[in-house]
Amino acid sequence: MNTQPTAEARGAGFWLRLIALTRKEVRQLLRDKSNLAIGVVLPMILILLFGYGLSMDVRHAPVAVVLEDPSPSAADIVTGLQLSPYLAPVLLGSMPDAERLMRERRVDGIVRVPGDFSRRLAEDKARLQLIVHGSEAARARLIQAYASGAILQWAQRQADRIGQADAAGGPVLVEQRLWFNAANTSTWYLVPGLIVLIMTLIGAFLTALVMAREWERGTLEALFVTPVRPTEMLLAKIIPYFMVGMIGLALCLLAARFLFEIPIQGSLPLLLLSSVLYMLVSLGIGLVISSATKNQFLASQIALLSTFLPSLMLSGFLYDLRNVPTVINMIGHILPATYYMELLRTLFLAGNVWPLIARDCAILAGYAVLLLGLARFVTRKRLD
Amino acid sequence: MADSTLALESRALHKRFAVKASRQITQALDGVTLQIPSGSLAALVGPDGAGKTTLLRLTAGLLRADAGELRVLGIDARAEPQAIQNRISYMPQRFGLYEDLSVLENLDLYADLHGVPKAARRERYPRLLEMTDLGSCTARPAGKLSGGMKQKLGLACTLVRSPELLLLDEPTVGVDPLSRRELWQIVRQLVSDEKLSVIISTAYLDEADRCGQVFVLHEGRLLAQGAPETIRAHAQGHTFLVTPPTHWPTRRLQAALLDQPACIIDAVPQGGDVRFIQRSARNDTALVDLLHGQPLQPIPARLEDGFMVLLRQQRARDDSGNTDDPPLDQPVAQPLTPAVIASGQATPQTDAERVIEVRDLVRQFGDFTAVASTSFSVRRGEIFGLLGPNGAGKTTTFRMLCGLLPATSGFLQVAGVNLRHARAEARRQIGYVSQKFALYGNLTVRENLEFFGGAYGLRGQRLRERLLEVQRQFHLTGQDNIPSGQLPGGFKQRLAMAAALLHQPEILFLDEPTSGADPLARREFWRRITALAASGTTIVITTHFMEEAEYCDRIVIQDAGKVLALGTPQQVRAQAGDSPQRRLDMEQAFIGIVEQARGRHQPTSQREVIA
Amino acid sequence: MRDFLHRVLILCRKELLAIFKDSSSRVILVGPIIMQSLLFGYAATFDLSNIPYALLDQSHDAASTALIAKLDGAGVFHRVATLQRQHDIAALLDTQQALLAVHIGPRLEQQMTAGATAKIQLLIDARNSNTAGSAAAYVGAVIDRYNAEWRAKQGLSGPPLAIETRAWFNPNLETRWNVMPGMIAALSMVQTLLLTALSVAREREQGTFDQLLVTPLSLPVIMIGKAIAPILVGLMQSTLVLLITLFWFKVPLAGSLATLYLGLLLFTTASVGIGLSISALSANMQQAMLYTFVLIMPMMLLSGLATPVRNMPDLLQFMTYANPLRFAIDLVQRVYLEGVGLATVAPDFVPLLVITAVTLPLAGWLFRNRLI
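Chains as they are written, first to last, in my numbering: chain E, 4 to 387; chain H, 178 to 788; chain G, 7 to 378.
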């Protein structure tokens, strides 16, 4: 009596059901404003914030210059500092004034020119004091470097003027060239990182919420007792959110190209390929989380803690993984986001570096297969 | 291959659940063996936690049995759940409609999933929409439908194709009598037209009475099975009708009878009389005293009577072996001695103090008028029932009375306080039990009670006294440290009532307190309510069980925001055309009144009918 | 008045019980905070400790060998490749095997002894411009030391111009020193906000809010009762991060605990005010969660935690005045690292107080108008 449907009929059923479920998913996606808030509005806010608002670069950092030596050559240092695009010297009369400004964080550093400066400079024994505000360590280090650089350059020019070749202090001069980010601006590396964040947000966070919502609202119980297969349910979730992710990616790419004028050195197809792979990975994570928790609140917490925050902190987005202790580095290299981050930065700024791209794409593909397989494994049409 | 003429066949079916927090194991099904032939309409009945839903979920392949065998349509449910799911339809208790999708889109989704061809849809949709009365709102999002309409849409989605077996899990909970009747018409039509096998679980025994086969489950075991007649037979010859002595409210006599478990198994008010089941057929002298010599009129047993007999027997067996549970039949609050009954406080006829006064109450949500110019009053110690179809405005009225929603216009006075000016003052005088269990689930029984006691300003010695008192009154002693969310259904409701009565309010508001409850729990509940009313607490209650309106002193029937009838149950029945020649029960009266009002396109105000 | 306090107290007790009764919510309030403090404490560093570099030495003389020895001996450079051809540099930088390449051209010593300025080339992978900048500074420092030593060896006097550098408040310029105090405020904010936003939304979804509203508890009592519990939770979480910063990462506390906690209290109260407003606006838990999330992201980014507020455009800087986290981070860092007193950080209190004074009544108004 068990009339097995023919393979053809079953295939047709698969497509019919998949289309029906996908259509349902798309309709829900479009009608629920909160989905759009996460899927479209938040990415746009992030793009604008990252592009315009966030900058790690030091530009025109206020530096107090305390001239205790009234001589013209001492006063000339200020001109030297002014030449640096990174610094904005503020001339002050006394050290206590400068210290007060420093405490109030109105200046980032103090250059103190002692009273005997010009006299000792003539004897080649001049001393200068440079104090930086250390509470933002990275910034402080850059200011330190920029200020000493500016002063040494000033000294070099002084020496050139009187014909002393080695006045700047030594025979070896470092000539530095920045590869891949000639403009030396953090926007260039923040925006590719931003794409990783947005893809994670849509893939893992939003998808986990949407799937967990179905469990929570009990919409699945009736759905389970139909000919629908778990694979079809998963595919129907993946397809629309994959599209949302791609829209997010397109927004980011357009913004990167036209708003922030970041060059894309590598090939666009490769960039798309790696994004597709990462999108699948993060959809896999989202689906696994929601199937395991079946609860929106828990799913959001876990998605936040296991994907979003780590992508922000541990993927090399803000903090270079080469700087961190080995254990943290290893944890970072467990995250798929790390590989995607590496791929994006390379494709955006360096170009088609084949060994790196092949390796990272392979890793992402592996993760995608693993996580989607796991999602299929944990999604069962069962309530116990 | 198993016998294919059986829709369902189970042998020694076991299913356990682990309760996470308390680390206890619940035996949901404990060796159930049953057979349901194809083409039959079978009902699963039983009290809370009997295992009805578990059995249906096992049948649908959503759960896997721990032990035993289960074959659905001849297919092993453990081995091939998908094969079963391809051939059956299942409507869970909480049908998860996609609320963002419209009525039609929900239907289309299920039709697509079941692979219903377009031609078949053209034939089927109009019928489903007509049957469910959803034809006029196919474009409306499912989330915007009223409770009853959602339930009907759920059924329509389940019925987009003709399955070989249809499983319905309590499809009529929280659905008003009109929608309930329509729902049953659909099911019965399908059974007769398409020879469907249907298994339905229900808390309404009158529904089960109309099925071909009834299975009575109790704590995971099959207590009885057979045709309704077989179940009814357990009470045959023991059921009687008695008219209360003059000036006796029906529920007083009913309560007095229920308090005599030695000779009475069950008693309910019915059409102004009391219907009861006698334990033994011989005429008891104690009973004669109790009835003040009123004549007994033997009547045929209903399924509910047989069910009550079975359950009481089972409970008696359980109690003899287990002394932990308090006997459920104990009278609550003060026992009703004939003296108390005779004192006859707050009979509907006396013009006692009005504790609730409503005049020209209106509530609008945007353009929509939920409650239109409503007036009534409730007297002290009265049980006042708010009835009406889903979406009739009774919830809105109820929320305004509790001070949860401000009125758009009109006069509203509760416990002598105008709700417009002194809402906090009024709140001190009321207790509120919501439809859904609404205490803090992860707090223990004691923590909940202490919190609500504190919120009502009780503290110190007074709080401790009241805690002891309500715990004794509602049989919650010794349950102090159990998280309230993990209590069984009946306990939860008792706890909710205990919390609402800690501060001894003048008025108790109850919103559909008996929805989904089994008859035994409902008797117990109403016994407490009548005792409370007797001690002077005013009760305002909403319900979908029309026979429960018989417990009320007065009822109001609302539809489309308007009052259609107001008065004692007898008066309302009379308004619907009840006469000695043509007896109407409350449900018939209700349906009659609502349909009459809906039939007229411009219903005239019925408020003055019984002023 | 006693009555009022008593009611607030019992409501507060209930809230705390509801939060801490549940073992999973206990775990979720404590576990992630500890985990994140440790992870981020280690991960959040711009300090280079292990710079992989490639060397192309075309001199192979004493001067270049000494220079290389200096680099290798600095402790932060780790040579991953020694190259023969300039052509090979690209591959190493492209694949991120090396962060930088040092290219020493031919005849270094010869140039130096001849008195000419010898140039060495430094090629840096600047995909991360921050790391690149730091790495360049490190190399520069090594070369400076090398030059000084060379002069000394040649019998020349010291450099004509010596720069003495010092860093206040963070002598070794460790990133962790400024990130961890920031975390004291930032980490606790996420869950405090979410907890508050969900508190009313959850009660509304479970129907207990109606039960609460029919009691004589007045709206201010409910609001205050609902605010106190998350404030306590927030302070507890801040304390956890503070303890980890102080005893695990051993970042010295320069200021007074009292000032620090006063600031944290104000900050947490402002966050709770925002949370309650979200709660009043959202119809269910899902909305509350999403609104919170959409709000937390910009709040975090515009707080100065990741990038300095001063680097932002004016419009965004102006917007940060509505962000309590911005002021909390400033306040905590200054009290913790710089040890400033109450008077100095008082300006930070003002916006926090203003935010509280706006959000709490707003939440109350929203509740009154949306509910009753």
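Virtual Cβ for every residue (Gly too), placed ideally from N, Cα, C.
Which word fits residue i, buried or exposed, when buried means at least 16 other C-beta atoms lie within 10 angstroms of its C-beta?
i, result
"residue 466 of chain H", "exposed"
"residue 193 of chain E", "buried"
"residue 571 of chain H", "buried"
"residue 272 of chain E", "exposed"
"residue 494 of chain H", "exposed"
"residue 713 of chain H", "exposed"
"residue 192 of chain H", "buried"
"residue 8 of chain G", "exposed"
Quick one: which chain E residues come within Cβ less than 9 Å of residue i?
i, result
"residue 292 of chain H", "12, 15, 16, 19, 20, 230"
"residue 71 of chain G", "Correct list: empty, because the minimum Cβ distance to chain E is about 13 Å."
"residue 53 of chain G", "140, 141, 144, 326"
Is it true that the CB of residue j sits closer than 9 Å to the CB of residue i?
i, j, result
"residue 171 of chain G", "residue 133 of chain E", "yes"
"residue 266 of chain G", "residue 259 of chain G", "yes"
"residue 686 of chain H", "residue 609 of chain H", "yes"
"residue 207 of chain E", "residue 285 of chain E", "yes"
"residue 201 of chain G", "residue 209 of chain G", "no"
"residue 268 of chain H", "residue 345 of chain H", "yes"
Residue i versus chain G: which residues are under 9 Å apart at the beta carbon?
i, result
"residue 92 of chain E", "Residues of chain G passing the Cβ test: none, with the nearest at roughly 15 Å."
"residue 191 of chain E", "132, 133, 135"
"residue 41 of chain E", "296, 299, 300"
If I follow the unbroken alpha helix (DSSP H) through residue i, where does it start and stop?
i, result
"residue 342 of chain E", "339-348"
"residue 451 of chain G", "Because residue 451 of chain G is not part of the residues shown, which for chain G are 7 to 378, the question remains open."
"residue 225 of chain E", "222-227"
"residue 628 of chain H", "622-632"
"residue 386 of chain H", "382-386"
"residue 329 of chain H", "324-335"
Listing by chain order, which chain H residues have their CB less than 9 Å from the CB of residue i?
i, result
"residue 12 of chain G", "631, 634, 636"
"residue 9 of chain G", "634"
Residue i touches chain H at which residues, Cβ-Cβ below 7 Å?
i, result
"residue 387 of chain E", "240, 241"
"residue 24 of chain G", "617, 619, 620"
"residue 16 of chain G", "628, 631, 632"
"residue 23 of chain E", "286, 289, 290"
List, in order along the chain, the chain H residues whose C-beta lies closer than 8 Å to that of residue i?
i, result
"residue 238 of chain E", "In chain order: nothing, as chain H lies at least about 14 Å away."
"residue 222 of chain E", "273, 274, 275"
"residue 223 of chain G", "632"
Between which two residues does the beta strand (DSSP E) holding residue i run?
i, result
"residue 246 of chain H", "244-249"
"residue 125 of chain G", "124-131"
"residue 65 of chain E", "64-70"
"residue 266 of chain H", "265-268"
"residue 534 of chain H", "531-542"
Given 8 Å as the limit, tell me if residue i has its C-beta closer than that to any heavy atom belonging to the ligand HEM.
i, result
"residue 339 of chain H", "Judged by which ligands are present, the structure shown has none, so any question about the ligand HEM falls away."
Residue i touches chain E at which residues, Cβ-Cβ below 8 Å?
i, result
"residue 268 of chain H", "225"
"residue 180 of chain G", "140"
Please compile the residues from chain E whose C-beta is within a distance smaller than 7 Å of the C-beta of residue i.
i, result
"residue 234 of chain H", "386"
Open item on the list: Does the contact criterion of 3 or more C-beta pairs under 8 Å hold for the segment 138-155 of chain E versus the segment 141-150 of chain G?
Closed with: Touching, yes.
- [ ] Report yes or no: do three or more beta-carbon pairs, one from the segment 21-30 of chain G and one from the segment 611-629 of chain H, lie closer than 8 Å?
- [x] Yes, since at least three Cβ pairs between the segment 21-30 of chain G and the segment 611-629 of chain H fall closer than 8 Å, the two stretches touch.
Open item on the list: Three Cβ pairs or more, each shorter than 8 Å: is that satisfied between the segment 358-375 of chain G and the segment 87-95 of chain E?
Closed with: Contact between the segment 358-375 of chain G and the segment 87-95 of chain E is absent, because fewer than three Cβ pairs lie under 8 Å.
- [ ] Indicate whether the contact test is met: 3 or more Cβ pairs, each with one atom in the segment 346-362 of chain E and one in the segment 195-211 of chain E, closer than 8 Å.
- [x] The answer is yes - the segment 195-211 of chain E touches the segment 346-362 of chain E, with three or more Cβ pairs under 8 Å.
Task: contact_flag[the segment 313-329 of chain E, the segment 48-56 of chain G] where n(CB pairs < 8 Å) is 3 or more - done: Between the segment 313-329 of chain E and the segment 48-56 of chain G there are three or more inter-stretch CB-CB distances shorter than 8 Å, so the stretches are counted as touching.
Open item on the list: Check whether the segment 54-65 of chain E and the segment 313-321 of chain G are in contact - that is, three or more C-beta pairs closer than 8 Å.
Closed with: In short, these stretches touch, since the Cβ pair count reaches three.
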